[in-house]
Amino acid sequence: MTQSMEDFITDAFEQNYERIRLETGRAVTPNIKEAAREQVLLYYRRMRDVADGVTDTEVKLTLPEQRTPQQRKFTLEGVVDIVREGDRTTMYDVKTHLDADAAAGQLDQYVQQLNLYAHIWQGLRGEALDETAIIATRPTRELRQALRSGDDRVIDAAILKWRPCLNIPLDEHAVEDTVQRFGTVVDRIEERHFMPPAVEKLKAPIRPGARQPFGTAVCANCDVRFTCDSYRQFRLQTTPGMNPERVLQDAMNEYAASSEQGQWVDANMETLNRDRLPDAEDIDRGDV
Numbered sequence: 001m002t003q004s005m006e007d008f009i010t011d012a013f014e015q016n017y018e019r020i021r022l023e024t025g026r027a028v029t030p031n032i033k034e035a036a037r038e039q040v041l042l043y044y045r046r047m048r049d050v051a052d053g054v055t056d057t058e059v060k061l062t063l064p065e066q067r068t069p070q071q072r073k074f075t076l077e078g079v080v081d082i083v084r085e086g087d088r089t090t091m092y093d094v095k096t097h098l099d100a101d102a103a104a105g106q107l108d109q110y111v112q113q114l115n116l117y118a119h120i121w122q123g124l125r126g127e128a129l130d131e132t133a134i135i136a137t138r139p140t141r142e143l144r145q146a147l148r149s150g151d152d153r154v155i156d157a158a159i160l161k162w163r164p165c166l167n168i169p170l171d172e173h174a175v176e177d178t179v180q181r182f183g184t185v186v187d188r189i190e191e192r193h194f195m196p197p198a199v200e201k202l203k204a205p206i207r208p209g210a211r212q213p214f215g216t217a218v219c220a221n222c223d224v225r226f227t228c229d230s231y232r233q234f235r236l237q238t239t240p241g242m243n244p245e246r247v248l249q250d251a252m253n254e255y256a257a258s259s260e261q262g263q264w265v266d267a268n269m270e271t272l273n274r275d276r277l278p279d280a281e282d283i284d285r286g287d288v
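Spelled out as structure tokens, the structure:
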């Protein structure tokens, strides 16, 4: 039964990818696509009970007519999954860009976010809620190492050890502070006030006792890191003895290796050629 379901998931993944490719006109490299497919299958293998038990999927939550400290109007929105088991209701928020280790280091912000969602669910919708949690579906470093080993026993053991679900405590008092924090961010965006964290913040561990610094765990996922002075200084200060230009070039190359860049171009050229309208030569050749 599990294998047939995984075959179904793989087929559905391919269909969804093709639909998105056609809608957006964009493709991803084969290795990125394979990593995404693998992440979906790992999530099902480890969180099958939750996946099978979802009763309301991609529920949109909206908190309208909020005001920033500068009295600008804004609306907060979120999307969650709901599992109802007997008389208990659990809210899950899936985080595909995080692994459990990174999520644990940023748990405070998810406490705020999930409690806000709980407030909307319980207060505005009038629905009972017993607990909330986030599911960080990106494989941890330990799980990735197991996958690279190719040993089924090692992989199975790593999957069993993997804990992608992190429970979030319910705290109604966190809601007002969360809305205010969002409002402050809205004001900063509207006023074009974008200040990066200090370099010291980037060099500090993502959480107490962790080896991975904030600049690697968080900033490496930021699309504008190459225009950030703090990130450039972080790379220079954490790579001593190397030519500064070489350090920054290596950082740029991490965005996509040359082989990945070539694959990305090939994939998108294939999409472009496949989806383009026929020209006069096509019509003459009878290719339409």
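Be aware that the sequence shown starts at 1, since it is given in the UniProt record's numbering, and climbs by one per residue.
Positions of the beta carbon are idealized from the N, C-alpha and C atoms, including for glycine.
Because the structure is a prediction, the values reported are computed rather than measured.
(request) Answer with buried or exposed for S258, where buried requires no fewer than 16 other C-beta atoms within 10 angstroms of its C-beta. (result) Residue mapping note: residue 258 aligns to position 258 of the sequence shown, counting from 1. Residue placement at S258 is poorly supported in this model, since its pLDDT is 48, which falls under 50; the coordinates still yield a value, given next. Exposed: under 16 other Cβ atoms inside 10 Å.
(request) Mind checking which residues open and close the beta strand (DSSP E) that includes L76? (result) Within the sequence shown, the letter at position 76 stands for residue 76. Start and end: K73 to E85.
(request) Would you kindly check if the distance between the Cβ of R225 and the Cβ of C219 is under 9 Å? (result) Residue mapping note: residue 219 aligns to position 219 of the sequence shown, counting from 1. Residue mapping note: residue 225 aligns to position 225 of the sequence shown, counting from 1. Yes.
(message) According to DSSP, simplified to helix, strand and coil, what is L147?
(response) Along the sequence shown, read from residue 1 onward, the residue named residue 147 stands at position 147. The three-state secondary structure of L147, taken from DSSP, is helix.
(request) Look up D93 in the DSSP assignment and give the residues it is bridged to. (result) Residue mapping note: residue 93 aligns to position 93 of the sequence shown, counting from 1. Looking at the DSSP assignment, D93 forms a beta bridge with I134.
(request) Could you say if the region 59-73 and the region 111-125 meet the contact criterion of at least three C-beta pairs nearer than 8 Å? (result) Taking a cut-off of 8 Å on C-beta distances, the region 59-73 touches the region 111-125, as three or more cross pairs fall below it.
(request) Would you mind working out which of D130, G86 and R67 sits nearest P169, comparing C-alpha positions? (result) Position 169 of the sequence shown, counted from the start, is the residue given in the question as residue 169. Across the set D130, G86 and R67, the C-alpha of D130 shows the shortest separation from the C-alpha of P169.
(request) Below 6 Å CB to CB, which residues in the same chain sit around T132 once its five sequence neighbours on both sides are set aside? (result) Here residue 132 is taken as the residue at index 132 of the sequence shown, counted from 1. For T132, where only same-chain residues beyond five positions count, the Cβ hits under 6 Å are M91, L114, A118 and I168.
(request) Report the three-state DSSP secondary structure of R192 (helix, strand or coil). (result) On the sequence shown, residue 192 is found 192 positions in, with the first residue counted as 1. R192: coil per DSSP, three-state reduction.
(request) Provide the residue(s) that pair with L61 in DSSP beta bridges, ordered along the chain. (result) Position 61 of the sequence shown, counted from the start, is the residue given in the question as residue 61. For L61, which the question treats as bridged, DSSP gives the partners G78.
(request) Determine which residues share a DSSP beta bridge with D99 and list them. (result) Within the sequence shown, numbered from 1, the residue matching residue 99 stands at position 99. Beta-bridge partners assigned by DSSP to D99: R138.
(message) So the candidates are D93, A204 and H97; which of them puts its Cα closest to the Cα of V111?
(response) Here the question's residue 111 lines up with position 111 in the sequence shown. Taking only the C-alpha atoms, the option nearest V111 is D93.
(message) On a Cα-Cα basis, can you pick out the residue from R37, E190 and A204 that is closest to I9?
(response) To locate residue 9, count along the sequence shown from 1; it is residue 9. Out of R37, E190 and A204, R37 has the C-alpha closest to the C-alpha of I9.
(message) Suppose contacts are defined by Cβ-Cβ distances below 9 Å. Is A146 in contact with L98 by that definition?
(response) As a first step, residue 146 is located in the sequence shown; it is residue number 146 there, counting from the start. As a first step, residue 98 is located in the sequence shown; it is residue number 98 there, counting from the start. Contact flag unset, no.
(request) Measure the beta-carbon distance from A103 to K95 and round it to whole angstroms, keeping in mind my assumption that it falls under 8 Å. (result) Locating residue 103 in the sequence shown gives position 103, counting from the first residue. Locating residue 95 in the sequence shown gives position 95, counting from the first residue. That belief holds up - the Cβ atoms of A103 and K95 are roughly 6 Å apart, short of 8 Å.
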